[in-house]
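In the working numbering, the protein residues as written are 20 to 251. First the structure, in the form of structure tokens, and then the observations on it.
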Ligand SMILES: *Cc1c(COP(=O)(O)O)cnc(C)c1O
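Structure, rendered in structure tokens:
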């Protein structure tokens with residue numbers, strides 16, 4: 020068994036345990052394997068172990084992998100989760116199934132305009148800055164509802180839910196606080212009539228806190244592929 024297959028098993032066990040502690044069905048939590056900085060071969064290894072959804076942060080790097088794995092394309096789901104500049108929207112609209120990091124109307128409009136007619140609508144999540152630091156990407160919780168309604172009206176996008184990257188916290192109770200804020204916003208938007216089904220929150224260090232607060236998709240890199248090396 021490969022290290023990646025073993026790691027995937029361990030992450031699935033963490034999801035099952037956290038879901039059980041939350042009184043939730045573990046099938047309601049999807050695993051997105053974050054493959055940034057790892058090779059197409061590593062993605063192939065994870066695929067052989069049953070993993071189907073992969074997250075990427077850097078457009079050029081991701082497209083190299085998507086092309087290298089073209090023969091698996093129909094069975095793979097590619098999620099763009101990194102910061103997105105408006106001059107990079109076209110390749111993302113053309114190659115990905117999901118974008119989690121939409122935080123401005125202009126980006127959403129470009130993705131909608133550039134989504135090829137031959138593909139289904141692009142699934143998107145609105146990235147919300149739940150910790151409130153000025154430097155981070157993500158729309159503020161206060162501005163999120165208006166933006167969500169505008170994005171939901173775009174023809175070639177399907178607004179699926181919300182995503183956040185909270186400030187790291189070591190304490191498990193502290194980790195739950197920003198996830199609870201995102202969950203409350205998610206519930207509010209659904210109550211306003213938006214058909215959202217995805218709460219994208221939780222990474223390797225705070226998977227349990229996120230599942231306890233209602234995550235439906237956890238984005239896990241390190242715990243699946245190992246520590247990242249940005250040197251090369
Ligand atoms: C890198 C990254 C992850 C994965 O982080 P790990 O701590 O390695 O699990 C998840 N989400 C986003 C947006 C990322 O950039």
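Virtual Cβ for every residue (Gly too), placed ideally from N, Cα, C. From a predicted model like this one, the values you see are computed outputs, not experimental measurements.
Using three-state DSSP, classify residue i as helix, strand or coil.
i: residue 99; result: strand
i: residue 66; result: helix
i: residue 47; result: helix
i: residue 150; result: coil
i: residue 160; result: coil
i: residue 245; result: coil
i: residue 83; result: helix
i: residue 175; result: coil
i: residue 52; result: strand
i: residue 141; result: strand
i: residue 120; result: strand
i: residue 91; result: helix
i: residue 105; result: helix
i: residue 61; result: helix
i: residue 250; result: coil
i: residue 136; result: coil
So, does the CB of residue i fall closer than 8 Å to a CB anywhere in chain B?
i: residue 120; result: The chain inventory of the structure shown lacks chain B, comprising one protein chain alone.
Among all the DSSP beta bridges, which residues are the ones paired with residue i?
i: residue 115; result: Answer is none; residue 115 lacks a bridge partner.
i: residue 32; result: BP columns for residue 32 are empty, so no partner.
Which stretch, first to last residue, makes up the alpha helix (DSSP H) that contains residue i?
i: residue 169; result: 163–171
For residue i, I'd like the list of residues in its chain whose CB is within less than 6 Å of its CB, leaving aside the five on either flank, ordered along the chain.
i: residue 169; result: 124
i: residue 45; result: 34, 35 and 38
i: residue 122; result: 146, 156, 157 and 158
i: residue 28; result: none
i: residue 65; result: 23 and 52
i: residue 177; result: 140 and 142
Check for me: the beta strand (DSSP E) holding residue i runs from which residue to which?
i: residue 75; result: 72–75
i: residue 129; result: Residue 129 -> not in any beta strand (DSSP E); alpha helix (DSSP H) instead, spanning 124–133.
i: residue 238; result: 236–239
For residue i, I'd like the list of residues in its chain whose CB is within less than 7 Å of its CB, leaving aside the five on either flank, ordered along the chain.
i: residue 49; result: 72, 235 and 236
i: residue 56; result: 247, 248 and 249
i: residue 229; result: 198, 220, 221 and 237
i: residue 108; result: 126, 129, 130 and 133
i: residue 110; result: 78 and 82
i: residue 41; result: 230 and 231
Excluding sequence positions up to five away, which residues of its chain have a Cβ less than 8 Å from the Cβ of residue i?
i: residue 114; result: 81, 82, 85 and 97
i: residue 61; result: 23, 54 and 244
i: residue 179; result: 117, 142, 143, 144, 215, 216 and 217
(message) As an exercise, report each continuous beta strand (DSSP E) stretch of at least 3 residues that is fully enclosed by the region 179–234, in chain order.
(response) Segments of the beta strand (DSSP E) lying fully in the region 179–234: 217–219.
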